[in-house]
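In my numbering, the protein residues as written are 21 to 147.
Virtual Cβ for every residue (Gly too), placed ideally from N, Cα, C.
Notes for the one structure printed next.
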Amino acid sequence: MTIFQLDECLNSKKLVQGCAKEGLCQVFRFPTDMKGLKDPDMLNLLLPKDNPLITTDLALLDEHFDSIPEYHPSLILIANSESVPQTLTIKKVQAILRQFKMTFSQWHQVPWQNCVYNARFSQSFTH
């Protein structure tokens, strides 16, 4: 079973509980002792643990590319579509992940190493 790691921006109990309910993967919340760490330090501590890192921090890849080792467990970047300028809430993150899982049904069975995946939601949300 793949274990995914949430970063500080996406540290949601609801997200972890929803994934646990599905039973296809395990998700770790951001460690409390790492709160407030600068991105390069966070990457240096989390990426060696072999758990793909899920984040909504799209700048992470561009701004801290040098802190990402050549071999890493993967980065999964979650964002609204560029044409959907709404705030990214946990509900929206969950919708993006649902959409991703529907289009890639083997997501929980594939090796994620050395992958950078940008998951964007392509529709407007109405609430």
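query                                                                                                         : result
CA-to-CA distance, residue 33 to residue 40, given in whole angstroms                                         : 10 Å
Rounded C-alpha distance that separates residue 50 from residue 21                                            : 19 Å
Under 8 Å between C-beta atoms of residue 96 and residue 74                                                   : yes
Given 8 Å, three or more beta-carbon pairs between the segment 110 to 124 and the segment 84 to 100           : yes
Residue 75: first and last residue of the uninterrupted beta strand (DSSP E) it sits in                       : 73 to 75
Contact between the segment 50 to 62 and the segment 23 to 32 (3+ Cβ pairs under 8 Å)                         : yes
Enclosing beta strand (DSSP E) for residue 26 [first to last residue]                                         : 23 to 26
Classification of residue 25 by the beta-carbon crowding that lies within 10 angstroms, buried from 16 upward : buried
Range of the contiguous beta strand (DSSP E) that encloses residue 48                                         : 46 to 48
Nearest candidate by alpha-carbon position, reference residue 132, set 45, 37 and 38                          : 45
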